[in-house]
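Written below as structure tokens is the structure these notes are about.
In the working numbering, the protein residues as written are 2 to 260.
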């Protein structure tokens with residue numbers, strides 16, 4: 002078991018990539034806390050995590066500044082100082098520039114960018130005291146190549162990449178690493194919903210959209226949440242102590258661009 006300085010807090014950690022990351026961290030021996038918007042989701046996730054060790058859940062919307070701060074305080078009070086932050090959030094509303102409203106822009110800003118900013122502020126005092134810490138952001142392959150019909154993600158994910166680079170330099174002397182894991186086509190509810198939306202726009206089936214997407218991935222398939230979670234768990238580990246400021250694509254080779 003790890004000590005309490007290695008408590009992990011996974012934001013939006015009850016489904017998809019967040020839950021897979023929480024499970025991977027729990028399997029490594031981290032006490033793990035998660036948050037989500039509904040009590041049912043939190044309860045289900047905590048029940049699963051408790052198979053591996055101490056776990057805790059709190060109801061919180063990560064786009065709400067007060068709720069997110071209260072969640073960090075609750076985790077710290079229950080499990081101890083947070084040594085690993087996995088900054089995860091559901092994707093912003095799909096659509097293009099011409100359909101996005103002012104409210105959509107604000108939602109994406111609060112959910113996608115400011116949740117990372119606020120959570121980092123909240124956990125840093127404890128990491129500074131302990132002299133170590135891991136911050137891992139779950140982003141998107143849109144940091145390297147824009148994805149059709151998710152314009153808001155295309156705007157805010159690269160902004161987080163810039164934040165990761167800046168923070169990595171600022172926090173390295175404190176023993177805190179900051180990295181991003183950028184998923185490509187991972188088999189989650191979010192990606193299946195995007196495929197369904199693309200199918201409706203193109204007048205084809207979701208299965209046809211998926212086959213077309215898979216044909217553009219060198220590995221020929223969508224990834225699993227567990228494959229992305231393995232990368233998150235590594236970056237959260239002591240073994241990744243010299244890796245910081247990186248954006249690691251987990252995409253089966255889909256985005257063929259230079260860094």
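Where a beta carbon is used, it is the ideal one built from N, C-alpha and C, also for glycine.
- Task: Go through its chain and collect everything with a Cβ distance to residue 123's Cβ below 6 Å, but skip five positions before and after it.
- Result: The answer, listed in chain order, is 70, 73.
- Taking the CB atoms as reference points, tell me whether residue 84 and residue 12 lie closer together than 8 Å. Cβ atoms of residue 84 and residue 12: not closer than 8 Å.
- Query: Taking all protein chains shown into account, do 16 or more other C-beta atoms lie within 10 angstroms of the C-beta of residue 258, making it buried, or fewer, making it exposed?
  - Reply: With fewer than 16 other CB atoms across the displayed protein chains lying within 10 angstroms of its CB, residue 258 is exposed.
- Message: DSSP has residue 88 in a bridge; who is on the other side?
- Response: Among the bridge pairs identified by DSSP, residue 88 is matched with 138.
- State the Cα-Cα distance for the pair residue 18 and residue 182, rounded to the nearest angstrom. Distance between the alpha carbons of residue 18 and residue 182: 11 Å.
- Ordered along the chain, which non-local residues of its own chain (more than five positions away) have a Cβ less than 8 Å from that of residue 40? Within the same chain, residue 40 has close Cβ partners 60.
- Query: Does the segment 108-118 come within contact of the segment 147-164, defined as at least 3 CB pairs closer than 8 Å?
  - Reply: A contact exists between the segment 108-118 and the segment 147-164.
- Query: Identify the residues that DSSP records as bridge partners of residue 250: which are they?
  - Reply: According to DSSP, residue 250 bridges with 183.
- Task: Along the beta strand (DSSP E) that carries residue 11, what are the first and last residues, could you check?
- Result: Counting along the chain, residue 11 sits inside the beta strand (DSSP E) bounded by residues 8-11.
- Task: Put residue 189 into one of helix, strand or coil per three-state DSSP.
- Result: In the structure shown, residue 189 sits in coil (DSSP, three-state: anything other than H, G, I, E or B).
- Message: In the DSSP assignment, the alpha helix (DSSP H) including residue 57 goes from what residue to what residue?
- Response: That residue, residue 57, is in no alpha helix (DSSP H); its beta strand (DSSP E) goes 56-60.
- Where residue 223 falls, given that 16 or more other Cβ within 10 Å makes a residue buried: By the 10 Å Cβ count, residue 223 comes out buried.
- Item | Entirely enclosed alpha helix (DSSP H) segments - the segment 105-154, minimum 4 residues | Annotation: the segment 105-154 contains the following complete segments of the alpha helix (DSSP H) (minimum length 4 residues), in chain order: 116-131.
- Once you ignore the five residues that flank residue 75 on each side, which residues in its own chain have a CB closer than 7 Å to its CB? Sequence-distant partners of residue 75 (beyond 5 residues in either direction) whose C-beta falls short of 7 Å from its own C-beta, in its chain, are 59.
- Is the beta carbon of residue 29 less than 8 Å from the beta carbon of residue 214? No, these two residues do not count as a Cβ contact at 8 Å.
- Query: What's the C-alpha gap between residue 134 and residue 7?
  - Reply: Rounded to the nearest whole angstrom, the CA to CA distance from residue 134 to residue 7 is 8 Å.
- Would you kindly check if the distance between the Cβ of residue 82 and the Cβ of residue 22 is under 8 Å? No, the pair does not count as a contact, with Cβ atoms beyond the cut-off.
- If you follow the alpha helix (DSSP H) that residue 241 is part of, which residue opens it and which one closes it? From DSSP, residue 241 is part of no alpha helix (DSSP H); its letter is neither H nor E.
- For residue 90 and residue 139, the rounded distance between their alpha carbons: Answer to the nearest angstrom: the Cα atoms are 8 Å apart.
- Could you give the distance in angstroms between the alpha-carbon of residue 2 and the alpha-carbon of residue 170? Residue placement at residue 2 is poorly supported in this model, since its pLDDT is 37, which falls under 50; the coordinates still yield a value, given next. Looking at the two C-alpha atoms, the distance is approximately 30 Å.
- Message: DSSP has residue 177 in a bridge; who is on the other side?
- Response: In the DSSP output, where bridge partners are listed per residue, residue 177 has 134.
- Query: Within 10 angstroms of its Cβ, does residue 220 collect 16 or more other Cβ (buried), or is it exposed?
  - Reply: With fewer than 16 neighbouring CB atoms inside 10 Å of its own CB, residue 220 falls in the exposed class.
- Message: How far does the beta strand (DSSP E) with residue 34 in it extend, from its first residue to its last?
- Response: That run of the beta strand (DSSP E) goes 33-37.
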